[in-house]
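Student: So for the sequence shown, this note's numbering puts the first residue at 39; every next one is plus one.
Take this structure first; my questions come after.
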Amino acid sequence: MKKKLLILLLLVFNSCVTNYYYVTIDQDTTIYSSRNGKESIVSIPKGSSVYITRSDKTYSKIKWKNYKGWVINPVYSNTNTLSNSPNTNVNTNYNLSPSKSHSSSTKSYNGGPVYVKGYTRKNGTYVQPHTRSAPKRR
Numbered sequence: 039m040k041k042k043l044l045i046l047l048l049l050v051f052n053s054c055v056t057n058y059y060y061v062t063i064d065q066d067t068t069i070y071s072s073r074n075g076k077e078s079i080v081s082i083p084k085g086s087s088v089y090i091t092r093s094d095k096t097y098s099k100i101k102w103k104n105y106k107g108w109v110i111n112p113v114y115s116n117t118n119t120l121s122n123s124p125n126t127n128v129n130t131n132y133n134l135s136p137s138k139s140h141s142s143s144t145k146s147y148n149g150g151p152v153y154v155k156g157y158t159r160k161n162g163t164y165v166q167p168h169t170r171s172a173p174k175r176r
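As structure tokens, this is what we get:
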């Protein structure tokens with residue numbers, strides 16, 4: 039019973055924390071109503087700022103003005119991470135092309151700060167999103 043209650047509590051807490059990536063689109067991009075890309079909603083002009091709420095290797099779920107939908111292989115820059123937790127804003131200023139994956143939980147560029155997404159440890163404790171210094175290369 040305690041395990042079920044703990045899992046339910048973690049699911050509710052995890053659903054309350056959402057990270058948004060505020061980025062600038064580097065090329066004209068179309069928003070689709072679903073991941074399959076069959077029905078387009080609107081085209082976003084180059085240089086527009088959008089919020090990315092979810093992302094994997096190919097698709098990103100975004101918000102732009104009053105539109106929400108999916109974008110296929112977006113090209114963007116000037117990533118800022120905005121979250122519901124205080125002191126987690128990071129300005130990394132790097133470009134991502136469609137061929138690069140951005141689905142890993144940590145990024146390291148030129149020894150700068152690394153943004154770590156929130157995660158749950160094996161013992162059930164939740165670690166909030168935070169920044170840390172990049173590991174030193176030998």
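Note that CB positions come from ideal geometry on N, CA and C, so glycine has one too.
Since this is a predicted model, take the numbers as computed values, not measurements.
Quick one: what does DSSP say Val128 is sitting in, helix, strand or coil?
Tutor: Low confidence applies to Val128: its pLDDT is 46, below 50, so where it sits in the model is not reliable, and the reading given next is rough at best. Looking at Val128 - three-state DSSP - the assignment turns out to be strand.
Student: Helix, strand or coil for Lys42, going by three-state DSSP, please let me know.
Tutor: Residue state, collapsed to three classes: helix.
Student: Please list the terminal residues of the continuous beta strand (DSSP E) segment that includes Ser93.
Tutor: Counting along the chain, the beta strand (DSSP E) containing Ser93 begins and ends at Ser87 to Ser93.
Student: How far does the beta strand (DSSP E) with Thr169 in it reach, from first residue to last?
Tutor: First-last of the beta strand (DSSP E) with Thr169: His168 to Ser171.
Student: Pull up the DSSP beta-bridge partners for Lys99, would you.
Tutor: Note: Lys99 sits in a beta bridge opposite Arg92 and Trp108.
Student: Can you tell me whether Ile100 is buried or exposed? The criterion is at least 16 other CB atoms within 10 Å of its CB, across all chains shown.
Tutor: Looking at its Cβ environment, which holds 16 or more other Cβ atoms inside 10 Å, Ile100 is buried.
Student: Measuring straight from C-alpha to C-alpha, what distance separates His168 and Val61?
Tutor: Cα to Cα, His168 sits roughly 19 Å from Val61.
Student: Thinking C-alpha only, which one of Asn74, Lys76, Arg92 and Asn104 is nearest Ile82?
Tutor: Among Asn74, Lys76, Arg92 and Asn104, the Cα nearest to that of Ile82 is on Asn104.
Student: Determine the closest residue to Tyr59 out of Lys40, Gly107 and Tyr89, with distance taken between C-alpha atoms.
Tutor: With distances taken between Cα atoms, Tyr59 lies closest to Tyr89.
Student: Which residue or residues does DSSP assign as beta-bridge partners of Pro151?
Tutor: For Pro151, which the question treats as bridged, DSSP gives the partners Ser171.
Student: What do you get for Tyr164, buried or exposed, if any count of 16 or more other CB atoms within 10 angstroms of its CB means buried?
Tutor: Label assigned to Tyr164: exposed.
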